[in-house]
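Participant:
Protein chains: 2
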Amino acid sequence: MAEGGGWAAMRERRLAEPGAAEAYDAARLAFELGRSVRELRERQGWSQAQLAKRSGMTQSAVARFEAGGTVPTLPVLERLAAALDVSLKVGFEPRGHAA
Amino acid sequence: MAEGGGWAAMRERRLAEPGAAEAYDAARLAFELGRSVRELRERQGWSQAQLAKRSGMTQSAVARFEAGGTVPTLPVLERLAAALDVSLKVGFEPRGHAA
DNA sequence: TCGCGGTATAGCATCTTTGCTATGGCTTGG
DNA sequence: CCAAGCCATAGCAAAGATGCTATACCGCGA
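Protein chains in written order, with full-length UniProt numbering: chain V, 1 to 99; chain D, 1 to 99.
Below you can see the structure in the form of structure tokens.
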């Protein structure tokens, strides 16, 4: 959050070594998405089991997701969004800094 | 694509179960993401093979993705975003109105 | 202490995407 | 006519996520 300089540097190595930096970014994204869902869930006052039922999952799947244990797929994100009464936003946008 | 036999067949497996609507949304999202990537790629004047090399994929994978043939995973979306010099946005937002 | 609700983990079966090679059709340029 | 580039698709192996059951941990209240 403070600065993104170091990460930008890592990003350039991706061109030579597929699977290294992306995996890191994906893990971070998974973690943040999990945190978002947990926040939304708690805001509704639901337990993991409650959310699981609403989104067609099991409690263990919700726990794994909230912990960032796996990189979620879009279908799962959509089901969670629907269950939480929010909409999922996925897209590209221009990058605001140098490469 | 008035009939779209391929599409229908692809989703038919789950149309009878709860969660079918989400699966459909995922397919549509895949399609739109593919279109976005194709636009960005052509804007750069790159071929699928060029983009593939930059993002650590093969031409066939890019073609499949652009056609919406599969629902992409977040790691792939991030690699494509990096290759295309854009940033990937994934998140939840309140439903029912513009941001 | 016991039971209970909530959460975290483990292990496994299944499904989907990805990565890869190869090929066919199409268009353009020599 | 032939060659080259570009895109689409097929088929397969590998990787990873999901779905599921079961279980362990924790705090809390009866």
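For glycine and all other residues, C-beta sits at the position ideal for the given N, C-alpha and C.
Is valine 62 of chain D near proline 94 of chain V, with beta carbons less than 8 Å apart?
Facilitator: Translated into positions along the second sequence, residue 62 of chain D becomes position 62. Translated into positions along the first sequence, residue 94 of chain V becomes position 94. No, Cβ-Cβ distance for valine 62 of chain D and proline 94 of chain V is not below 8 Å.
Participant: So, using beta-carbon positions, are leucine 88 of chain D and alanine 81 of chain D closer together than 8 Å?
Facilitator: Within the second sequence, the letter at position 88 stands for residue 88 of chain D. Within the second sequence, the letter at position 81 stands for residue 81 of chain D. Cβ atoms of leucine 88 of chain D and alanine 81 of chain D: closer than 8 Å.
Participant: Thinking just about the alpha-carbon of each residue, which of V:Pro72, V:Val71, V:Val90 and V:Glu66 is nearest to the one in glutamate 39 of chain V?
Facilitator: Walking along the first sequence from the start, residue 39 of chain V turns up at place 39. Of the candidates V:Pro72, V:Val71, V:Val90 and V:Glu66, the one whose C-alpha sits nearest the C-alpha of glutamate 39 of chain V is V:Glu66.
Participant: Hey, is glutamate 42 of chain V's beta-carbon within less than 8 Å of any beta-carbon in chain D?
Facilitator: Locating residue 42 of chain V in the first sequence gives position 42, where the first residue counts as 1. Closer than 8 Å: no.
Participant: What do you get for arginine 41 of chain V, buried or exposed, if any count of 16 or more other CB atoms within 10 angstroms of its CB means buried?
Facilitator: Here residue 41 of chain V refers to the residue found at position 41 when the first sequence is read from its first residue. Buried, because 16 or more other Cβ atoms sit within 10 Å of the Cβ of arginine 41 of chain V.
Participant: For a quick check, are the C-beta atoms of valine 76 of chain D and leucine 33 of chain V less than 8 Å apart?
Facilitator: Within the second sequence, the letter at position 76 stands for residue 76 of chain D. Within the first sequence, the letter at position 33 stands for residue 33 of chain V. Against a cut-off of 8 Å, the Cβ pair of leucine 33 of chain V and valine 76 of chain D comes out as no contact.
Participant: Could you work out which residue in D:Gly69, D:Met57 and D:Phe92 is closest to glutamate 78 of chain D when comparing CA atoms only?
Facilitator: The residue you call residue 78 of chain D lines up with position 78 of the second sequence. Of D:Gly69, D:Met57 and D:Phe92, the residue nearest in Cα terms is D:Met57.
Participant: Which stretch, first to last residue, makes up the alpha helix (DSSP H) that contains proline 75 of chain V?
Facilitator: To locate residue 75 of chain V, count along the first sequence from 1; it is residue 75. Here the alpha helix (DSSP H) through proline 75 of chain V covers 74 to 83.
Participant: Can you tell me whether proline 18 of chain V is helix, strand or coil according to DSSP?
Facilitator: Locating residue 18 of chain V in the first sequence gives position 18, where the first residue counts as 1. Because proline 18 of chain V carries a pLDDT of 41, less than 50, the predicted location of this residue cannot be relied on, and no value is offered for it.
Participant: Buried or exposed: which applies to glutamine 48 of chain D, given that a residue is buried once 16 or more other Cβ atoms fall within 10 Å of its Cβ?
Facilitator: Here the question's residue 48 of chain D lines up with position 48 in the second sequence. Under this definition glutamine 48 of chain D is a buried residue.
Participant: Taking the beta carbon of alanine 16 of chain D as the centre, do at least 16 other beta carbons fall within 10 Å, making it buried, or is it exposed?
Facilitator: As a working mapping, residue 16 of chain D is identified with position 16 in the second sequence. At alanine 16 of chain D the pLDDT is 42, less than 50, meaning the model places this residue with poor confidence and gives no usable figure here.
Participant: Which runs of the alpha helix (DSSP H) spanning at least 4 residues fall entirely within the region 27 to 59 of chain D, listed in chain order?
Facilitator: The qualifying runs are 48 to 55.
Participant: In or out: serine 60 of chain V buried (at least 16 other Cβ within 10 Å) or exposed?
Facilitator: Translated into the one-based positions of the first sequence, residue 60 of chain V becomes position 60. Exposed, because fewer than 16 other Cβ atoms sit within 10 Å of the Cβ of serine 60 of chain V.
Participant: Spell out whether any CB of chain D is found under 8 Å from the CB atom of phenylalanine 31 of chain V.
Facilitator: In the first sequence, residue 31 of chain V corresponds to position 31, counting from 1. Phenylalanine 31 of chain V does not count as touching chain D.
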